[in-house]
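Here's the structure we're looking at; comments come further down.
Residue numbers (the UniProt record's numbering): 1 to 64.
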């Protein structure tokens, strides 16, 4: 499968600017899963800005 980096970057919701995986969804998913986390695109805009990518934060985010 070919990575569509330019298209991915236009829809990537990660606001962490020094991120080297921005737009590289496969790398991003593997990185965060390896760390017991989820990528930015799983979170609401407000929760994403906390940079807390934990599964616990994801659950709190959607429970309201």
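All residues carry an ideal CB built from backbone N, CA and C; glycine is no exception.
Bear in mind that the values here come from a model prediction, so they are computed numbers and not experimental data.
Q.
My output table needs one value for residue 46: the three-state DSSP class, helix, strand or coil.
A. helix
**Q.** Sheet register partners of residue 54 (DSSP bridge)
**A.** 37
Q) Just to confirm, does residue 45 get its C-beta within under 8 Å of one of the non-hydrogen atoms of the ligand ATP? A) The model on display carries no ligand, and the ligand ATP is accordingly not part of it.
Q) What are the start and end residues of the alpha helix (DSSP H) that includes residue 6? A) 5-11
Q) Which word fits residue 18, buried or exposed, when buried means at least 16 other C-beta atoms lie within 10 angstroms of its C-beta? A) exposed
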